[in-house]
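In what follows, a single structure is set out as structure tokens and then discussed.
There are 2 protein chains.
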Amino acid sequence: MKKYIPLLKNTLLFSGVGEDEISAMLSCLQARSGTYGKGEYVLRQGEHIGDIMVLVSGKLHVQCDDYWGNRSIISVIGVGEMFGESYAAPESGAVVNDVLAVEESVVMFFDIKRIITVCSSACRFHSLVVQNLFYALSEHNRKLIQKLGFMSRRTTREKLIAYLSEEAKRHNSSEFTIPFNRQQLADYLSVDRSAMSGELCRMRDDGMVEFERSRFRLL
Amino acid sequence: MKKYIPLLKNTLLFSGVGEDEISAMLSCLQARSGTYGKGEYVLRQGEHIGDIMVLVSGKLHVQCDDYWGNRSIISVIGVGEMFGESYAAPESGAVVNDVLAVEESVVMFFDIKRIITVCSSACRFHSLVVQNLFYALSEHNRKLIQKLGFMSRRTTREKLIAYLSEEAKRHNSSEFTIPFNRQQLADYLSVDRSAMSGELCRMRDDGMVEFERSRFRLL
DNA sequence: ATAAGTCTGTTGTATTTGCAACGATAGCGA
DNA sequence: TCGCTATCGTTGCAAATACAACAGACTTAT
Numbered sequence: 170m171k172k173y174i175p176l177l178k179n180t181l182l183f184s185g186v187g188e189d190e191i192s193a194m195l196s197c198l199q200a201r202s203g204t205y206g207k208g209e210y211v212l213r214q215g216e217h218i219g220d221i222m223v224l225v226s227g228k229l230h231v232q233c234d235d236y237w238g239n240r241s242i243i244s245v246i247g248v249g250e251m252f253g254e255s256y257a258a259p260e261s262g263a264v265v266n267d268v269l270a271v272e273e274s275v276v277m278f279f280d281i282k283r284i285i286t287v288c289s290s291a292c293r294f295h296s297l298v299v300q301n302l303f304y305a306l307s308e309h310n311r312k313l314i315q316k317l318g319f320m321s322r323r324t325t326r327e328k329l330i331a332y333l334s335e336e337a338k339r340h341n342s343s344e345f346t347i348p349f350n351r352q353q354l355a356d357y358l359s360v361d362r363s364a365m366s367g368e369l370c371r372m373r374d375d376g377m378v379e380f381e382r383s384r385f386r387l388l
Numbered sequence: 170m171k172k173y174i175p176l177l178k179n180t181l182l183f184s185g186v187g188e189d190e191i192s193a194m195l196s197c198l199q200a201r202s203g204t205y206g207k208g209e210y211v212l213r214q215g216e217h218i219g220d221i222m223v224l225v226s227g228k229l230h231v232q233c234d235d236y237w238g239n240r241s242i243i244s245v246i247g248v249g250e251m252f253g254e255s256y257a258a259p260e261s262g263a264v265v266n267d268v269l270a271v272e273e274s275v276v277m278f279f280d281i282k283r284i285i286t287v288c289s290s291a292c293r294f295h296s297l298v299v300q301n302l303f304y305a306l307s308e309h310n311r312k313l314i315q316k317l318g319f320m321s322r323r324t325t326r327e328k329l330i331a332y333l334s335e336e337a338k339r340h341n342s343s344e345f346t347i348p349f350n351r352q353q354l355a356d357y358l359s360v361d362r363s364a365m366s367g368e369l370c371r372m373r374d375d376g377m378v379e380f381e382r383s384r385f386r387l388l
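Protein chains in written order, with the numbering used here: chain A, 170 to 388; chain B, 170 to 388.
Here's what the structure looks like:
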């Protein structure tokens with residue numbers, strides 16, 4: 170497990186913690202690791218977990234099958250990313266998605282109770298990890314709230330208005346560059362690309378906005 | 170501030186902590202309180218905060234104005250509810266919504282740093298509060314993820330399928346009662362009530378589902 | 001029992017969307 | 001330069017949606 174310490178050093182969870190301290194904390198936190206072959210499930214829908222997980226090798230898919238069997242891929246987890254933090258609390262209830270290894274993968278497990286309850290030996294950086302965990306969760310939370318704000322609008326135009334307003338706020342300017350191309354923006358807002366493209370042009374004709382590729386200006 | 174201790178005892182943040190311990194922690198956490206008259210802002214969009222807040226009296230609205238001035242009410246905060254936990258971390262960035270007192274209100278402030286970094290005097294229940302905070306955040310997170318899963322579907326039928334599938338999972342049964350009437354469900358899924366009502370009936374005609382008021386059975 | 005109010009389903013219409021296809025443009029490497 | 005690809009706008013059409021209006025079933029207050 171030691172060989173993954175340099176990698177862990179650069180994760181959000183261990184941000185600001187040195188390699189020596191991480192090494193000490195691995196035993197303090199009683200970290201475990203597991204290997205999953207391609208096609209194996211790391212987590213299954215309905216399962217209850219008590220660990221926060223970090224992928225240290227390979228690639229995972231978060232996916233969901235509905236009652237009638239339609240599958241959709243929610244997100245992709247890459248090396249160094251943390252997952253499970255929203256479902257590790259005791260009363261969390263079951264995980265709602267499957268997590269599948271799409272290639273040979275290694276996952277590290279950290280018991281959430283050992284992270285949250287400060288150890289008696291009081292390793293210096295323990296509280297830093299608790300902070301990091303809190304920060305990661307609250308950041309995740311903010312992004313979800315923001316996205317919900319866009320998606321709760323009824324029409325494509327309203328979604329665009331909400332999104333562009335937010336970007337203008339964020340940049341403190343009515344002129345800004347967004348981090349998406351048209352297809353990505355459409356996926357982000359859950360609308361059809363061509364319909365969105367058309368709506369953008371109509372908004373331009375209505376004198377609400379000017380744009381050039383990913384650069385926008387609100388009027 | 171002492172008079173609010175019995176109320177705090179029943180909040181999510183202080184769950185499991187006795188009144189005496191809360192009393193001790195108020196000073197340990199250097200809790201502050203503030204009073205807001207009707208129409209006063211508790212938080213304004215663009216502001217940066219470093220406290221977690223609990224409403225101990227009155228009523229607040231979380232609301233949002235877009236670039237063109239359209240206002241929408243996001244949620245209502247009642248007595249005993251916690252807010253601000255998603256924006257209290259140092260690198261959180263600005264709050265994106267306004268929080269307004271819609272009647273005379275009293276809010277208690279808890280410095281997030283003092284909650285997260287365990288105090289040297291090590292009051293016994295401090296780590297319990299950290300746990301509660303984590304649990305509250307992760308629960309909030311799960312609900313947001315779930316709602317996003319419903320809202321990212323394109324059609325009303327797909328949203329209903331996603332929602333009803335989730336409820337069936339949660340109840341471990343294909344038959345269950347939902348906590349919404351038609352209008353509330355439509356608001357929750359961000360669709361038109363009558364269109365949703367029609368779609369539900371078409372799904373029934375297609376043999377996918379049976380229902381009677383708020384009681385559903387998937388087939 | 002009556003009246004008022006709530007919840008739900010139904011219908012019709014104008015609007016919006018999803019989808020597929022096509023053309024224009026720009027960037028890039030052979 | 002030529003072809004290849006990615007991106008973006010545009011169009012036509014079928015499908016889905018929002019919106020308004022209304023009717024029946026049921027609940028509640030008087």
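Built from N, CA and C at the ideal position, the CB exists for glycine as well.
Computed from a predicted structure; not experimentally measured.
| residue 181 of chain A at chain B interface by Cβ criterion, 9 angstroms | no
| query | With DSSP run on the structure shown, which of helix, strand or coil describes residue 329 of chain B? | reply | helix
| field | Rounded straight-line distance, which links the Cα of residue 196 of chain B to that of residue 318 of chain A | value | 37 angstroms
| Shortest alpha-carbon distance to residue 218 of chain B belongs to which of B:281, B:357, B:315, B:366? | B:281
| request: Look up residue 225 of chain B in the DSSP assignment and say whether it is helix, strand or coil. | output: Three-state DSSP puts residue 225 of chain B in a strand.
| message | Quick check: what's the CA-CA separation for residue 221 of chain A versus residue 174 of chain A? | response | 16 angstroms
| said: Counting C-beta neighbours from all protein chains within 10 Å, is the total for residue 304 of chain A 16 or more, i.e. buried, or is it exposed? | reply: buried
| Cβ of residue 298 of chain A within 9 angstroms of Cβ of residue 387 of chain A? | no
| Buried or exposed (CB count within 10 angstroms, at least 16 for buried), residue 342 of chain B | With fewer than 16 Cβ atoms within 10 Å of its Cβ, residue 342 of chain B is classed as exposed.
| said: Using C-beta distances below 7 angstroms, list every residue in its chain close to residue 357 of chain B, excluding the 5 sequence neighbours before and after it, in chain order. | reply: So the qualifying residues of the chain are 349.
| said: For the structure I just gave you, are there three or more beta carbon pairs, one from the region 184-196 of chain A and one from the region 207-218 of chain A, closer than 8 angstroms? | reply: Between the region 184-196 of chain A and the region 207-218 of chain A, the count of Cβ pairs shorter than 8 angstroms is below three; the stretches do not touch.
| Minimum C-alpha distance to residue 335 of chain A - residue among B:264, B:328, B:225 | Nearest option by C-alpha distance: B:264.
| query | Does the beta carbon of residue 368 of chain A come closer than 9 angstroms to any beta carbon on chain B? | reply | no
| task | Output yes if chain B places a C-beta closer than 9 angstroms to the C-beta of residue 217 of chain A; else output no. | result | Residue 217 of chain A does not count as touching chain B.
| task | Verify the CB distance criterion: does residue 256 of chain B have a CB-CB separation below 9 angstroms to chain A? | result | yes
| query | For the alpha helix (DSSP H) that contains residue 367 of chain A, what are its first and last residues? | reply | 362-374
| query | If you count every other CB in all the chains shown that lies within 10 Å of the CB of residue 245 of chain A, and 16 or more means buried, which is it? | reply | exposed
| message | With the cut-off set at 9 angstroms, would you say residue 275 of chain B and residue 332 of chain B are in Cβ contact? | response | no
| query | Of all Cβ atoms in chain A, is any one closer than 9 angstroms to the Cβ of residue 233 of chain B? | reply | yes
| request: For residue 238 of chain A, name the three-state secondary structure that DSSP assigns. | output: Its pLDDT being 47, under 50, residue 238 of chain A is placed unreliably in this model, and the value from its coordinates should be taken loosely. The answer is coil: DSSP assigns residue 238 of chain A none of H, G, I, E or B.
| residue 274 of chain B: first and last residue of the uninterrupted beta strand (DSSP E) it sits in | 267-280
| Which residues, taken in chain order from the region 311-325 of chain B, show a beta carbon closer than 8 angstroms to some beta carbon of chain A? | 311, 313, 314, 315, 316, 317, 318, 320, 321, 322, 323
| message | Suppose the cutoff is 7 angstroms on Cβ atoms and the five residues either side in sequence are ignored; what does the same chain contact list for residue 368 of chain A look like? | response | 325, 326, 329
| field | Simplified DSSP assignment, three categories, for residue 251 of chain B | value | Correct three-state label for residue 251 of chain B: strand.
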